[in-house]
Amino acid sequence: MGIHRGHTARPWEWIVEKSIFLISLSAILMVLLIFLFVAKEALPVFFGEINTALIQKPIPPAEMEKHSPVELQSYLELTPAQFASMSKDTLRSLMEVKVEAQDDIPEDFRKDPDARINTTEWRYLLFAHQWSDYNKPSYIWQPVGQIQKFNIVPLVIGTLKTTIIGLLFAVPLAVGAAIYVSQMARPRVREVVKPTIELLSGIPSVVVGFFALLIMATVLQHIFHYQTRLNAFVAGIALGIAVIPVIFSISEDALTSVPRAYSQAALALGASRWQTAWQIVLPAALPGVFAASVLGFGRAIGETMIVLMVCSGSVVSWSIFDSARSITTTIAAEMAEAVDGGPHYRILFMLGALLFAATFISNMVGEIVIHRFKRKLEGKR
Amino acid sequence: MSPRQSTTATRHFKSEKFDFSSFFFSGLTGLATLLILAILAVILLNIIINGWSGLSWHFVSTIPKKDFFDIHTTGVLPMIVGTSIRVIVMTVFVIPVGVVTAIYLTEYAPNTSLITRTIRAAVNNLAGVPSIVFGLFGVGFFINFIGKNVDRALHNSGPVWGQPALIWASMTLAVMTLPVVIVATEESLKAIPPGLREASLALGATKLETIWRIVLPQALPGILTGGILAVSRAAGEVAPILFTGVAYYTSSLPTKLTDQFMDLGYHIFVLSTQSPNIDQTRPILYATVLVLLMLTFALNIVAIVIRARVRKKMRALG
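Just so you know, the protein sequences line up as chains A and B, in that order. Heads up: the first sequence runs through residues 18 to 398, numbered per the working numbering. Heads up: the second sequence runs through residues 233 to 550, numbered per the working numbering.
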């Protein structure tokens with residue numbers, strides 16, 4: 018018997034090892050699938066293939082042959098699969114229904130210029146528009162009613178408002194605690210405090226939301242005396258509580274991974290503990306602390322249940338004591354009532370894709386910064 | 233040097249170097265730490281104190297009527313069952329895939345190759361995707377793509393698989409918790425001393441035999457920890473199951489994978505936002521929150537204990 022190499026020696030093991038490799042690709046596959054399927058449902062929005070205008074120029078069924086299948090499909094608001102499965106007669110009767118529907122539109126609507134607008138065009142999604150019953154151009158998210166309005170500006174402002182408040186609350190606390198635990202505390206204190214703070218991440222966000230809704234909202238209103246009980250401020254603080262463990266444990270890791278030689282050298286040269294922590298260790302760990310904040314931002318922007326429970330009015334206002342509606346909240350609250358494949362459904366998926374892109378970018382930035390930071394500490398360039 | 237001299241020297245050293253800024257800075261950062269601990273304590277104590285009185289055997293073992301806002305007749309049995317089943321079904325999918333991926337990453341993967349780095353980047357990204365996006369993915373992929381095609385293939389007249397169901401909620405959660413299992417398993421695989429592998433290989437075992445007989449049994453506690461962490465993370469998540477399987481109310485417990493189910497976290501959301509009278513609902517709400525917290529914390533603590541034991545053992549071995 019000679020020495021066999023490669024897959025001829027043990028075919029069974031060769032197969033198993035190859036399948037291990039294939040299964041390990043599933044994480045990549047999942048990220049791709051998430052991107053693909055969320056984006057797929059949103060594609061018609063990006064390509065402007067949806068038309069929500071109430072009054073459209075009807076195509077008489079007799080002229081069916083003159084139009085291409087693609088035109089007919091988007092005119093009848095069908096998916097390619099539905100369109101392919103229908104016979105010519107079904108399509109013809111659908112077109113008749115469509116013409117009748119156009120005839121049935123009440124006279125009031127015919128005079129309304131808004132009824133002719135396709136509200137899913139980008140200029141209506143992003144910029145203010147003077148709707149006929151408003152007296153100045155405004156940003157409106159109002160997905161129900163005859164004329165659906167999908168301006169995403171209120172949602173983006175709501176998301177940024179709650180997220181920024183959350184980070185302003187969480188970053189100083191979490192980084193301060195990380196400095197204390199890694200630099201100042203005695204080892205015994207440290208061994209207790211670190212896992213306890215990390216226990217905070219074990220509290221489900223729906224429980225944090227519940228606590229904010231029932232207790233924090235009332236307490237904060239008593240302290241700050243504002244009008245609306247449930248507002249962006251309460252939601253932001255609750256978000257902050259949810260992201261504190263993330264920011265804390267990553268910054269703490271970064272601070273502890275600064276080589277002991279740095280702080281020992283500083284102490285030996287006569288620096289005080291505070292000078293060592295503030296002027297030597299913290300600057301060395303700054304990229305890690307920054308990355309922790311970026312990852313916390315990604316976590317906060319994607320948090321759903323807290324904001325959903327605490328505040329969900331869609332007003333455009335930068336005031337932190339007004340209500341706010343975030344992107345995640347909107348998806349969670351409205352997905353159930355959106356018609357499968359309809360414009361509202363597609364816009365919600367488009368919001369999901371935006372959210373995915375935002376967190377994808379913030380995660381990449383965080384990871385790259387941490388990676389560079391570790392290499393720098395190891396002395397590689 | 234006489235002892236007397238030495239004490240004066242220390243005293244002198246201390247008094248001259250009393251360092252106000254260090255003191256102040258320690259106090260400030262310590263205060264931040266205390267504040268975080270206080271928030272945690274207030275949340276937990278508030279829930280335990282208010283929830284304890286509402287907790288009873290009747291409460292956890294009753295299937296409620298449709299109007300579940302009444303303290304005397306309500307119960308959370310279907311929610312406990314629903315939450316448990318959805319996480320158990322999830323582990324069936326996530327543990328094998330997660331463990332195999334971790335085995336590839338630690339035992340086989342060339343450390344610097346493009347494919348390894350891509351897998352790692354994908355795992356990190358998956359960990360950061362917002363939970364609501366997983367929910368959308370569940371609708372777009374599992375329900376509308378896989379489910380509807382299964383229905384078509386089986387020639388079902390109405391939607392059976394192509395609608396929100398237990399299995400789709402579990403699979404969505406499995407995708408979400410994949411990074412948790414991978415990271416925990418990888419950590420436990422890395423902690424196994426290379427000497428064990430080398431000894432096994434030197435005795436003539438193949439690489440696969442070494443992994444199966446030597447490495448995996450050693451890593452078992454770590455894999456268990458990963459599974460428990462994934463379960464405790466998934467048990468509290470509501471956003472991914474909102475449109476993939478959870479029901480506001482079902483009259484019976486779920487029996488099939490295609491059933492919808494009630495869920496503890498979602499029930500908390502319903503009770504706190506849709507109650508007709510929040511003051512009457514409050515005791516039920518607190519008790520439900522306490523049940524959910526007990527479930528997730530018990531799991532977390534088990535994971536922490538197993539992990540601590542493994543680390544101790546590894547230190548003794550290494």
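The beta-carbon is built from N, C-alpha and C at its ideal position, and this holds for glycine as well. Since the model is a prediction, treat every value here as computed from it, not as a measurement.
Using only alpha-carbon positions, find the residue among B:Thr306, B:Leu525 and B:Val415 that is nearest to Val329 of chain B. B:Val415
Residues of the stretch 419 to 452 of chain B with a CB closer than 7 Å to any CB of chain A: list them in chain order, please. Thr438 and Leu440
Just curious, the alpha helix (DSSP H) that Pro296 of chain B is in, first and last residue? Where Pro296 of chain B is concerned, there is no enclosing alpha helix (DSSP H), given that its DSSP letter is neither H nor E.
Please work out which residues of its chain come closer than 6 Å, Cβ to Cβ, to Gly175 of chain A, disregarding the five sequence neighbours upstream and downstream, and give them in chain order. Ala341, Arg342 and Ser343
Would the beta-carbon of Ala353 of chain B be found less than 8 Å away from any heavy atom of the ligand GTP? As for the ligand GTP, it is missing from this structure, which has no ligand bound.
Short CB-CB distance (under 9 Å) between Phe301 of chain B and chain A: no
Express the C-alpha separation of Gly262 of chain B and Met408 of chain B in angstroms, rounding to a whole number. 35 Å
Any chain A beta carbon closer than 9 Å to Phe291 of chain B: no
Verify the CB distance criterion: does Asn380 of chain A have a CB-CB separation below 9 Å to chain B? yes
Under the rule that 16 or more other beta-carbon atoms within 10 Å means buried, what is Asp131 of chain A, buried or exposed? buried
Hey, does Lys246 of chain B have any beta-carbon neighbour from chain A nearer than 9 Å? At Lys246 of chain B the pLDDT is 48, less than 50, meaning the model places this residue with poor confidence; the figure from the coordinates comes in the next sentence. No, Lys246 of chain B does not count as interfacial toward chain A.
So, does the CB of Ser464 of chain B fall closer than 9 Å to a CB anywhere in chain A? Closer than 9 Å to some Cβ of chain A, the Cβ of Ser464 of chain B qualifies, so yes.
Output yes or no for whether 9 Å exceeds the beta carbon distance between Asp312 of chain B and Val523 of chain B. The residue you asked about is not Asp; residue 312 of chain B is Ile in the sequence shown. Yes, these two residues count as a Cβ contact at 9 Å.
Mark Gln450 of chain B as exposed unless 16 or more other C-beta atoms lie within 10 angstroms of its C-beta, in which case mark it buried. buried
Would you call Thr233 of chain A buried or exposed, if buried means 16 or more other Cβ atoms sit within 10 Å of its Cβ? Reading off the sequence shown, one finds Met at residue 233 of chain A, where the question assumed Thr. Around the C-beta of Met233 of chain A, 16 or more other C-beta atoms lie within 10 Å, and the residue is accordingly described as buried.
Assess contact between the stretch 453 to 471 of chain B and the stretch 522 to 541 of chain B, defined as three or more Cβ pairs (one per stretch) separated by less than 8 Å. Is contact present? yes
Pick from A:Ser222, A:Ala79, A:Ala101 and A:Leu394: whose alpha carbon is nearest that of Val87 of chain A? It is A:Ala101 whose Cα lies nearest to the Cα of Val87 of chain A.
Does the contact criterion of 3 or more C-beta pairs under 8 Å hold for the stretch 314 to 321 of chain B versus the stretch 474 to 494 of chain B? yes
Which residues, in order along the stretch 191 to 202 of chain A, keep a beta-carbon less than 9 Å from a beta-carbon of chain B? Ala191, Val192, Gly193, Ala194, Ala195, Ile196, Tyr197, Val198, Gln200, Met201 and Ala202
According to the neighbour-count rule (16 or more other Cβ atoms, all chains shown, within 10 Å of its Cβ), is Thr265 of chain B buried or exposed? buried
What residues from chain B crowd round Ala349 of chain A, counting only those whose CB sits closer than 7 Å? Ile364, Ala471 and Leu474
What is the DSSP secondary structure of Lys166 of chain A, counted as helix, strand or coil? strand
For Leu50 of chain A, the nearest candidate out of B:Leu433, B:Ala462, B:Thr487 and B:Ala354 (CA to CA): B:Ala354
For Arg27 of chain A, would you say it is in contact with chain B, using Cβ-to-Cβ distances shorter than 9 Å as the test? yes
Contact check, Tyr498 of chain B vs Val463 of chain B, beta carbons under 9 Å: no
Does the pairing of the stretch 222 to 232 of chain A with the stretch 252 to 263 of chain A give three or more beta-carbon distances under 8 Å? yes
Check whether Val192 of chain A and Phe265 of chain A have beta carbons under 9 Å apart: The Cβ-Cβ distance between Val192 of chain A and Phe265 of chain A falls below 9 Å.
Jot down the residue ranges of each uninterrupted alpha helix (DSSP H) in the stretch 247 to 276 of chain A, minimum 4 residues, whole runs only, in chain order. 249 to 273
Could you name the residues of chain A that Ser504 of chain B contacts, counting a contact when the two beta carbons are closer than 8 Å? Gly226, Phe227, Leu230, Leu231 and Met326
Is Ser340 of chain A helix, strand or coil when you go by DSSP? coil
Spatial neighbours of Leu525 of chain B within its chain, please: C-beta separation below 7 Å, excluding the five flanking residues on both sides. Ile279
Kindly indicate the opening and closing residues of the alpha helix (DSSP H) around Glu30 of chain A. Pro28 to Ser41
So for Trp148 of chain A, helix, strand or coil by DSSP? Reduced to three states, the DSSP call for Trp148 of chain A is coil.
Integer Cβ distance of Gly367 of chain B from Thr404 of chain B, believed to fall under 8 Å: 7 Å
What first and last residue would you give for the alpha helix (DSSP H) that runs through Val319 of chain B? Leu309 to Ile335
Give the straight-line distance between the Cα atoms of Thr107 of chain A and Leu358 of chain B, rounded to the nearest whole angstrom. 44 Å
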